[in-house]
Every structure is written in C-alpha cells, then in structure tokens.
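All letters in the sequence shown, in the order written, are residues 1 to 235 by the numbering used here. Each residue gets a CB set at the ideal place from its N, CA and C atoms; glycine is no exception. These notes concern the structure reproduced below.
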Amino acid sequence: MRLDKYLSKSLHITRKEAKELIREGRVKVEGKVIKSPDYKVREGEKVEVGGKELKPRERVYILLYKPTGYLSTTEREAQHPSFLELIEEQFGGRKLFAAGRLDVDAEGLLFITDDGKLAHRLTHPKWKVEKEYIVELDRDFKEEDLEKLKNLTLDGKPVALVKAEKLGDRKLRVVLTEGRHHIVKRMFKALGYNVVSLKRTRIGNLKLPENFEPGDYRELSEEEIKELKELLKLS
Ligand code: URA
1 MRLDKYLSKS
11 LHITRKEAKE
21 LIREGRVKVE
31 GKVIKSPDYK
41 VREGEKVEVG
51 GKELKPRERV
61 YILLYKPTGY
71 LSTTEREAQH
81 PSFLELIEEQ
91 FGGRKLFAAG
101 RLDVDAEGLL
111 FITDDGKLAH
121 RLTHPKWKVE
131 KEYIVELDRD
141 FKEEDLEKLK
151 NLTLDGKPVA
161 LVKAEKLGDR
171 KLRVVLTEGR
181 HHIVKRMFKA
191 LGYNVVSLKR
201 TRIGNLKLPE
211 NFEPGDYREL
221 SEEEIKELKE
231 LLKLS
C-alpha cells in the first residue's frame, strides 16, 4: 500500500494531510525517513510518525452513545442532525453508517462502521444478534402482560423477543434478535402502553460503556473486533 494511503487509513486523516506529514520528514519506514508519498509499504514493515509506530486498519468500528435528538441515518439537512456530526472531527470524510436504526427520540448504543458485510450480519435476524433495550412506559406495567409480551405477533410475524424483565413499575429490560422499524414501541403499544424513553444498552457482545455520556464514542479494540467477527462467523 502507498505510504500516504497507509497513513490516512491508520490516522484517519486525508491523503493531503498524510502527504504533508511525509514531506515534512516526520515519517519513518524501518527506521529511515521517507519523503515520497508513493513509497510502497510492504507487509510487516514498521512505519512510525513522530517516533510512534502505526498499525493500519482497513475498517472502522465505533461505539457511540447516541443522544436523543440525533438521527441514526446519514442524511444531512434533515429536521434533526445526523450522528455523523458527533464523530465528524475524527472521522469526517469516511463513508460510515450505523448498523441498526435507533429512533431520533431514542438514545444509547449505535454501532458505526464502514464494513458492510459485518453490519449486515449484525442486523439481519438470521444471525440472531441480541439487542438489549431499557424501556420506560407511561404507566405501570402489569405483571400478567409479561407473558403477552413474550408471545406477541406483529404484522403477522412473531416478535423475536428473547428476554423481557421488569426492573421497576414502569421500567423493563427487553432483549430482541430483530430490528423491525419501531419494534419496541410497537410491541408495547400493542398492549396499550406508550414508551416514554428508550435506551439501547447492548448489541451482541458490545455494551454501552457505563462511563459514557451522551455523545461519547470510541473505536473498538482489536480484541473486541476479533470477538465480534467470531460471533458473526467472519473470521
Ligand atoms: N425499537 C424502537 O421502537 N425504536 C428503536 O429505536 C429501536 C427499537
């Protein structure tokens, strides 16, 4: 791979910025300063910028705590801002999207990537990846409705609910392996409740970090990517 491309991928910078770093003499390959952006980096070669070794990563995998008021789609100039605005500073210029919708009035874990195959498996019901939500309702949830919730059918299809538990009078944790549009709200609506707040706390093995505030994000570690790929039979 060309040195400028290598830097742009590893540092999430533009090719132009990468070329500048190279021309400034801040980039070394195998201990030698290289000033040509088209230098071909070979497998296993050690690349350093300012004395720090880089590891290229082809794909981006990000956990974002989406606040309410943001879209999980990438449209611009809609009524609400896209989640892209929250990560723009670090990842602007990359073609990223969220794997799995989250309503504008919902908050919580949004998994962002440019890995289409992985995103498809993460969201397709066939792969049975669990999505966990904390739900708050407009009124007390009746104990006897728990069974109804577990046997619910919407649009003529059973809801892929794997767990539902009451956490408080009006609060529940639900785990599903599907992501039909507004599925959680529609499940509760079918039993006569309105969802007043909805928070996604987990997708598969990826948990919303406890110390995250709305708007916080981080990239997955190598270990987390490996685990995720194993879960989705991509490794
Ligand atoms: N179910 C919903 O109703 N909304 C979401 O954002 C996600 C699941």
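Exclusion of the five residues before and after S72 leaves K66, F83, A98, R101, L102 and L110 as the residues of its chain whose Cβ lies within less than 7 Å of its Cβ. Cβ-Cβ separation between K150 and A164: approximately 6 Å, consistent with a contact (criterion under 8 Å).
Scanning its chain for C-beta atoms nearer than 8 Å, with the 5 sequence neighbours on each side dropped, one finds around A78 the residues L71, in chain order. With respect to the 8 Å criterion, Y61 and L137 are not classified as neighbours on the basis of their beta carbons. DSSP, read as helix, strand or coil, puts S197 in strand.
Counting of Cβ neighbours within 10 angstroms places S8 among the buried residues, the total reaching 16 or more. Relative to the ligand URA, even the nearest heavy atom lies 7 Å or more away from the CB of A164.
For the pair R23 and K35, the CB atoms are nearer than the 8 Å cut-off. DSSP places P158 within a strand segment (E or B) once states are collapsed to three. Taking 7 Å as the cut-off, the C-beta of D4 does not count as close to any heavy atom of the ligand URA. Between the ligand URA and the CB of D155, the shortest heavy atom gap is not smaller than 7 Å. As computed with DSSP, K171 is found in a beta bridge with E136. Distance from the CA of K5 to the CA of V33, rounded to the nearest whole angstrom, comes to 17 Å. Inclusion of L231 and N205 in the CB contact set at 8 Å is warranted, their separation being smaller than that value. In this structure, I183 has its CB closer than 7 Å to one or more heavy atoms of the ligand URA. Cα atoms of L146 and L152: separation of roughly 10 Å, rounded to the nearest angstrom. In the displayed model, G51 falls within coil according to three-state DSSP, outside both helix and strand. By a beta-carbon distance limit of 8 Å, E132 contacts V175. Their separation comes to about 5 Å. Taking all protein chains in view, the Cβ of L234 is surrounded by fewer than 16 other Cβ atoms within 10 Å, so the residue is classified as exposed. Secondary structure at T123: helix, using DSSP grouped into helix, strand and coil. When the five nearest sequence neighbours on each side are left out, the beta carbons in the same chain lying within less than 6 Å of the beta carbon of K28 are those of E48, in order along the chain.
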